[in-house]
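When we follow numbering that gives the first Met the number 0, the leftmost residue of the sequence shown carries the number 0, and every step to the right adds one. C-beta: ideal position from N, C-alpha, C; glycine also. Contents: one structure, followed by commentary.
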Amino acid sequence: MTPADTLVQLVRDATFARVDATGGMHGTHGTTPDGLFLRDGRHLSRWHLTVDGTEPVALVPADATTDDTAVCVLTPRGTRDNPPAYTVFREQTVSAGELTEHLRLVSNRPEPVTALVEITADADFADLFELRADDRHYAKPGARRESRHTGDGLVFDYHRDDWHSRTTVVGNPAPTGHDTVEDLPTARTLRWQLPLAAHGEAELRLTVRAVPHGLPAGAPAVPRPRRRITAPADDLARTCERGLADVDLLTVAVTGLDGEEVAVPAAGIPWFLTLFGRDSLLTSYFLLPERPGTAAATLSALAATQGRHHDPVSGEQPGRIVHETRHGELAHFRQIPYGRYYGAVDATPLFLVLLHAHHETTGDPALAVRLEQHARRAVDWMFTDGGLDEHGYLVYQPDPNGLVNQNWKDSAGAVCFTDGTQAQGPVAVSEAQGYAYDALIRTAELAAAVWRDPSYASRLREAAEGLRTRFVTDFWMPDTDFPALALDGRGRQVDALASDAGHLLWSGILDPARARRVGQRLLEPDFFSGWAIRTLAAGQKPYHPLSYHRGSAWPHDNAVIALGLARYGLADQVHAVVDGLVAAAAPHGYRLPEVLAGYDRTATVRPVPYPHSCSPQAWAAATPLALRTALRMV
C-alpha cells in the first residue's frame, strides 16, 4: 500500500528481507531500507548478481508469490539479432534467520554454453535505528568488521567490545573463484562457471544465515505454521483471514514470566519487529474471541518485563509496563533508551484491561491468579508514578531523549492545540484516562470475584468513579460539545478535535448521552474520510492528511472506536466504519496497513497510502477481528 516503496518484502519467523526488482540489495538507508534483518540488525546489506559480467535485465520483476518467497525472471543483456544465451529464474525465500536463493539457468542455445555467475555480498550489521531517515549518527568506538572466504562461501563478522554478530554465505555448488571489491573493504565477490548443455539447465543454491548477538547459531526465532489464505464468502471475512495470517508473520518468541518461551505479536515491519507493550496488548485484545492464548502469552511476557525500580534513562518505574524492547547493538550499549523502554502512559492500564478481558472471555481464573501481584503493582503505579494521586490523572513528562508524547500518538507535535502548538507536560491525554477508568473497574471485578478481596475492590471502584466525575468537569469543552484531546501541565484544555475521543466510548468513562454525541460527531465529514475516521478533524490549522498523527487515519484507532460505538448501540456508525475499512483493504490483498492518508474517499478510487506505513503491522492486522466483534454487538 506504499507505492513510494518499490522494494519487495519477505517475512517469516521474526526475519525479514527487502529486495529490489531483480532480487538485489544495495545497503539503502532512510524510509525504505533494504537487506536481510533479524533482531534489530541488518545482516546482509549488499547482494548483487551479475551474469557474464553485467547486471541482468528483469523480464519479470521480483514479486512475492507468498509472504516469504519472491521470484523473478532475468536475462543477460542481448539484442534482437543476438538474443541472450540463457534465462535466469531466481527464487528467494526467508525463514528463521535465513535467506535462501535458488538460481536456475536455462539455456536458449542449441550448443553448449558456460555462464559466468557472480554474487557480490556484504554485511554492514547496521542497527535499525541507524537506518532511519532522521540523520542521527552514533559513535562506535572499537568496532570492527571483517570478512573472509571459506571453501564454500563467505563469513562476515562484526565485533564491538562484548558484541559479536555474524553472517555466513554458503554456495552449492561451491564457488570456483572469489575477489575483493574495490572501495568496499568487507565486500566479497563469489564466482561460478556453470556449464549448460544445449538447451540444458544449471542450478546454484545459496544460503545466507544470520547469527545475531545473543542468539545461538541455528536457533529459530519461533517458527510459526504457514496460514493458508482461504476465500471466504465476503470481504470482511477475507480481511480477517489476511489479518490472522499477518499476525502469524509478525509473531516472535520472547521470555515469559517463569522463563518459558511464549509467542507474542510484534508491532510491525520494518521498524518494529519486537515486543511492544501498547501494540501487543491491543492486538491481543482484538484477537481475544479468536485466539485467547495470544493474550495470555502477551500478559506473561509483559509481566516478565514489568518495571522494578526507577531509571530516568529508560523511564522504568516500579509496576510500569514496558513500552518496547530492543535487541540491537545501540540498545545493548545504551546509546538509545529502547533496550527496555517504559515511555508509555497507557500500556500499564491496558495490561489490566486485557487481564480482566482474558478472564471474562475464557472464564478461566488461572491467569488472573498467576498475575495478581503484577496487577496490583500496575495499579500502584497508576496512583504513584502514573500521577493519579498527585494530578488526579495519568500523566507523562515529555522525554527529550526518547518519546516527547507517550500515548499512542507518540510523534512530536501530535498532542496539540487548535493552533498547532504542542502541549507541554505533565500531559494528561484523554484516552489514557478512559483506559485508567476501565482498568480500575475491571481490576475491581477481579479483586472481588477471583482474588476474594472485597475491600480492595471497593477502593478501586471508588477511585474509578472519582476519576469519571473529574474527567467530565475538566475535559469536556462546552463550546464544541466534545472532549479535549488532553490537559497540559497548566491544566489547560488541549482543544484540537481528535479521534482519541472515540476511545472514551470503548472505555465507558463518558455518560451515555455524551458518548452518543461524540460517536455521531466522529462520523461527520471533517472526521470521517469515507475510508476511516481521521486522527484529527479536517479544517483545523494543524491538520495534514499525510502527517503521522495529525490528519491520517489508523485502522486500529478506528477499531477501538468501532467497539466503543457498538457499546452505545450506534449501529449505523459501526457499519460505516466497517464498510470504509474493508473497502480500503480490498484492493490490496485484503491487508490493512498501519496508517492511511487522510484524503477523502471521493478524491480517489483507492485510499491514498501514508508513505512510511508499516505493513504488515500487528494491530492493523487484528483490526478486522475487532470490527467483526463490533458488528456482533449491534
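Could you check if Y137 is buried or exposed, using at least 16 other CB atoms within 10 Å of its CB as the buried criterion?
The residue in question, Y137, is exposed, as its Cβ has fewer than 16 Cβ neighbours within 10 Å.
Here's the rule I'm using: 16 or more other beta-carbon atoms within 10 Å means buried, otherwise exposed. How should E100 be labelled?
The residue in question, E100, is buried, as its Cβ has 16 or more Cβ neighbours within 10 Å.
Hey, would you say L439 sits closer than 7 Å to A456, going by beta carbons?
Not in contact: L439 and A456 (Cβ atoms no closer than 7 Å).
Could you check which residue in D234, D178, Y598, F332 has the C-alpha nearest to that of W162?
Ranking the options by Cα distance to W162, first place goes to F332.
If contacts are defined as beta-carbon pairs under 8 Å, then S164 and V210 qualify, I think. What distance do you get, rounded to the angstrom?
Right, the Cβ-Cβ distance comes to about 7 Å (below 8 Å), so this counts as a contact.
Could you name the residues of the same chain whose beta carbon sits closer than 7 Å to that of P231, not counting the 5 residues immediately before and after it, in chain order?
Caution is warranted here: a pLDDT of 44 is assigned to P231, below 50, making its placement in the model unreliable, and the coordinate value is therefore given only provisionally. For P231, where only same-chain residues beyond five positions count, the Cβ hits under 7 Å are R237, E240.
Under a Cβ-count criterion, where at least 16 other Cβ atoms within 10 Å of its own Cβ denotes burial, should A265 be classed as buried or exposed?
With 16 or more Cβ atoms within 10 Å of its Cβ, A265 is classed as buried.
Grouping DSSP H, G and I as helix and E and B as strand, with all else coil, what is S546?
In the structure shown, S546 sits in coil (DSSP, three-state: anything other than H, G, I, E or B).
If distances are taken between C-alpha atoms only, which option among L102, Q396, F155, P109 comes closest to A125?
Measuring from the Cα of A125, the nearest candidate turns out to be F155.
Can you tell me the Cα-Cα spacing of E129 and G26, whole angstroms?
Roughly 12 Å between the two C-alpha positions.
Residues in its own chain within less than 7 Å of S546 by CB, not counting five upstream and five downstream?
Around S546: no qualifying Cβ.
Tell me the rounded alpha-carbon separation between L272 and P111.
So the two alpha carbons sit approximately 48 Å from each other.
Which residue wins for smallest C-alpha separation from G338, given the options L58, V344, H326?
Nearest of L58, V344, H326 to G338, Cα basis: H326.
Rounded to a whole number of angstroms, what is the C-alpha to C-alpha distance between V368 and L98?
In a straight line, the C-alpha of V368 is about 43 Å away from that of L98.
Could you please give the first and the last residue of the uninterrupted alpha helix (DSSP H) stretch that includes P348?
Unbroken alpha helix (DSSP H) run through P348: 346-361.
Could you tell me the alpha carbon to alpha carbon distance between E315 and H309, rounded to whole angstroms?
One C-alpha to the other measures close to 5 Å.
Between the Cα of A514 and those of R549, L564, F470, spot the shortest distance and give me the residue it belongs to.
Of the candidates R549, L564, F470, the one whose C-alpha sits nearest the C-alpha of A514 is L564.
Give the straight-line distance between the Cα atoms of Q192 and C613, rounded to the nearest whole angstrom.
Rounded to whole angstroms, Q192 to C613 spans 41 Å at the Cα level.
What is the rounded straight-line gap between the Cα of R208 and the Cα of A63?
When rounded, the distance between both Cα atoms is 21 Å.
Measure the beta-carbon distance from A537 to G588 and round it to whole angstroms, keeping in mind my assumption that it falls under 8 Å.
Actually they do not touch by this definition, with Cβ atoms about 29 Å apart.
Using only CA atoms, which one of P184, G77, I532, A120 lies nearest to V168?
That would be A120, whose Cα lies nearest to the Cα of V168.
Whose CA, out of G276, A448, S299, D233, lies closest to the CA of G258?
Comparing Cα-Cα distances from G258 to each of G276, A448, S299, D233, the minimum goes to S299.
Which residue from L630, T622, S551 puts its Cα closest to that of G611?
The question names Gly, but residue 611 in the sequence shown is His. Of L630, T622, S551, the residue nearest in Cα terms is S551.
On the CB-based measure, 16 or more other CB atoms within 10 Å of its CB, does K540 come out buried or exposed?
Its Cβ having fewer than 16 others within 10 Å, K540 is exposed.
With the cut-off set at 7 Å, would you say G22 and A61 are in Cβ contact?
Cβ distance < 7 Å, so G22 and A61 count as in contact.
I'd like the span of the beta strand (DSSP E) that includes N557, first residue to last.
Unbroken run through N557 is the alpha helix (DSSP H), 554-566; no beta strand (DSSP E).
Taking just the CA atoms, how far does A619 sit from W46?
If I take the Cα positions, the gap works out to 32 Å.
Quick one: grab the DSSP three-state call for R225.
For R225, the pLDDT reaches just 47, beneath the cut-off of 50, and the residue's location in the model is therefore unreliable, although a value from the coordinates is still provided. It is coil, neither helix nor strand.
Applying the criterion that 16 or more other CB atoms from any shown protein chain within 10 Å of the CB defines a buried residue, is R605 buried or exposed?
Per the 10 Å Cβ criterion, exposed.
Quick check on DSSP: helix, strand or coil for I532?
Reduced to three states, the DSSP call for I532 is strand.
Grab me the residues of S279's own chain with a C-beta within less than 6 Å of its C-beta, minus the 5 sequence neighbours each way, in chain order.
Result list for S279: V263, P264, T297, in chain order.
Taking V93 and L102 to be in contact with their CB atoms under 8 Å, please state how far apart those CB atoms are, rounded to whole angstroms.
Incorrect: roughly 16 Å between the Cβ atoms, too far for contact.
Go to S429, then tell me how far its alpha helix (DSSP H) extends in each direction, as first and last residue.
429-448 is the span of the alpha helix (DSSP H), which, as asked, contains S429.
Excluding the five sequence neighbours on either side, which residues of its own chain have a C-beta within less than 7 Å of the C-beta of L214, listed in chain order?
Within the same chain, L214 has close Cβ partners R38.
Whole angstroms are fine: how far does the CA of A446 sit from the CA of D452?
Those two C-alpha atoms are separated by around 5 Å.
Ignore the nearest five residues each way along the sequence and tell me which others in A629's own chain have a CB closer than 6 Å to its CB.
Hits under 6 Å: A561, L562, A565, V573.
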